[in-house]
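Note sheet for the following structure.
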Amino acid sequence: MGDHPFISPGPGDLRSPCPALNTLANHGYIPRDGRNLHFWQLVKIQTEVFNISTPLAVSLAFEAIFLCGNGMTCDMKQLRKHNHIEHDASLSRLDAPGNSWSRNPHLIHEMMFRFSSPKGLTFNDIAKVRVAREKLLRTKTGRLDFFHNRIALGEACLVIGVWGEGGGEDFSKRTVSTERIRSFFLEERFPADWRRPTYQLGFLQTVNLGGQLRAIMDSVINKERSDATSGKLVRRTVTFDGVDYELSHSHEGEEDVHANGDAQSHVHTNGGVPQKVVEASQ
Ligand code: HEM
Numbered sequence: 718m719g720d721h722p723f724i725s726p727g728p729g730d731l732r733s734p735c736p737a738l739n740t741l742a743n744h745g746y747i748p749r750d751g752r753n754l755h756f757w758q759l760v761k762i763q764t765e766v767f768n769i770s771t772p773l774a775v776s777l778a779f780e781a782i783f784l785c786g787n788g789m790t791c792d793m794k795q796l797r798k799h800n801h802i803e804h805d806a807s808l809s810r811l812d813a814p815g816n817s818w819s820r821n822p823h824l825i826h827e828m829m830f831r832f833s834s835p836k837g838l839t840f841n842d843i844a845k846v847r848v849a850r851e852k853l854l855r856t857k858t859g860r861l862d863f864f865h866n867r868i869a870l871g872e873a874c875l876v877i878g879v880w881g882e883g884g885g886e887d888f889s890k891r892t893v894s895t896e897r898i899r900s901f902f903l904e905e906r907f908p909a910d911w912r913r914p915t916y917q918l919g920f921l922q923t924v925n926l927g928g929q930l931r932a933i934m935d936s937v938i939n940k941e942r943s944d945a946t947s948g949k950l951v952r953r954t955v956t957f958d959g960v961d962y963e964l965s966h967s968h969e970g971e972e973d974v975h976a977n978g979d980a981q982s983h984v985h986t987n988g989g990v991p992q993k994v995v996e997a998s999q
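Using the numbering used here, the letters of the sequence shown correspond one by one to residues 718 to 999.
Here it is, written out as structure tokens:
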């Protein structure tokens, strides 16, 4: 990162709902002011820095320019347009209406808190975060539409596939350290231990990984439903920032967020490292 120091965005600089693009801009890999991002510039930088395949990089840049931008360019601010690429049930952003593009520390801490391996968050943990985010949806179906579901799954797979470590060529075996979650999502800055990933993540791999992630999410949802029916799910409501959150303990002692909230209430940090706190069930 020597030639590309981190500099926080200044007044007038634009940022997007994408932690990766914001990180690239904060390090000057793309314009620091967040303006006039060119299609080919986006393709090139994604492949160079994140080692994703050209088809995957093209598909992401295509979405940016043709769903949000003008001609061959776009500004970061244009990426905020709701239900173009930006969608509800994000990992780190609140739902629209309101500010659905800035990072939300509560949601990010809640995500960090879900690690189940000493190395950080696993593929299963990321699936559980996505389930928790879908529960916050206020739509009738409680789900994202087909297109935005695929986008959200793809983003979650980028977290594990590009920012995760270990697992060799099997992207689903990676873990993302809480330090990396903090760095990319909270600080929008390359982590100190960042190295360009050794294995390239491709377009079809991302689509397949997304399908696997959805299957895990559906099995988590089904298990919770059956736990609820058999009385193994203990529910209680807490209030945080004036919003009621319905929390539940499964019989394994895990806690999930069940309604409009972000579970900041049960996330404690110690020197920035999230600590799991087991709260007494009622
Ligand atoms: C031209 C390339 C890209 C564009 C235009 C783009 C655009 C976006 C947009 C508009 C969102 C907001 C979706 C939402 O509402 O949550 C988003 C989210 C996200 N993007 Fe990107 N992105 C690009 C490349 C990347 C790359 C290369 C990575 C990872 C290496 C990445 C990682 C993510 C993640 C993890 C999220 C989810 C944020 C959340 O749910 O809170 N993006 N992206």
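From the three backbone atoms N, C-alpha and C, an ideal C-beta is built for every residue, glycine too.
Item	Value
Excluding the five sequence neighbours on either side, which residues of its own chain have a C-beta within less than 8 Å of the C-beta of residue 792, listed in chain order?	731, 751, 752, 753, 754, 786
Across which residues does DSSP place residue 892 in a beta bridge pair?	882
If you measure between the beta carbons of residue 806 and residue 850, is that distance less than 7 Å?	yes
I need the straight-line Cα distance from residue 775 to residue 920, nearest angstrom please.	9 Å
Say yes only if the C-beta of residue 763 is nearer than 6 Å to one or more non-hydrogen atoms of the ligand HEM, and no if none qualify.	yes
With distances taken from each beta carbon to the nearest heavy atom of the ligand HEM, which residues come in below 5 Å, in chain order?	734, 735, 737, 759, 763, 767, 777, 778, 781, 796, 802, 803, 804, 807, 808, 809, 810, 872, 875, 876, 879
Taking Cβ positions, are residue 834 and residue 892 nearer each other than 7 Å?	yes
Does DSSP put residue 900 in a helix, in a strand, or in coil?	helix
Counting pairs of Cβ atoms below 8 Å between the segment 938–951 and the segment 897–910, do you hit three or more?	no
For the candidate residues 728, 882, 939, 926, whose alpha-carbon lies nearest to that of residue 836?	882
Give the C-beta separation of residue 734 and residue 777 to the nearest angstrom, bearing in mind that I take them to be a contact with Cβ-Cβ under 8 Å.	The Cβ separation is near 13 Å, so there is no contact.
Among 895, 788, 902, 886, which residue has its Cα nearest to the Cα of residue 915?	886
Would you decide whether residue 995 is buried or exposed? Buried here means 16 or more other CB atoms lie within 10 Å of its CB.	For residue 995, the predicted structure reports a pLDDT of 34, less than 50, and the residue's modelled location is therefore unreliable. A value from the coordinates is still provided. Under this definition residue 995 is an exposed residue.
Let's see if you can read the secondary structure: which residues bound the alpha helix (DSSP H) around residue 808?	Per DSSP, residue 808 belongs to no alpha helix (DSSP H) and is neither H nor E.
Look at the Cβ atom of residue 831, then the Cβ atom of residue 852, and state whether they are nearer than 7 Å.	no
Between the segment 816–824 and the segment 861–870, are three or more C-beta pairs nearer than 8 Å?	no
For a minimum of 4 consecutive residues, which ranges assigned as the alpha helix (DSSP H) are wholly contained in the segment 760–821?	771–779
Is the CB-CB distance between residue 769 and residue 918 below 7 Å?	yes
Just mark residue 932 as buried or exposed, buried being the case when its beta carbon has 16 or more other beta carbons within 10 Å.	exposed
Quick check on DSSP: helix, strand or coil for residue 837?	strand
Should residue 897 be flagged as near chain B, meaning a C-beta pair shorter than 7 Å?	Structure shown: chain B not included; a single protein chain is present.
Apart from the five residues on each side of it in sequence, which residues of its chain come closer than 7 Å, Cβ to Cβ, to residue 773?	918, 919, 920, 923
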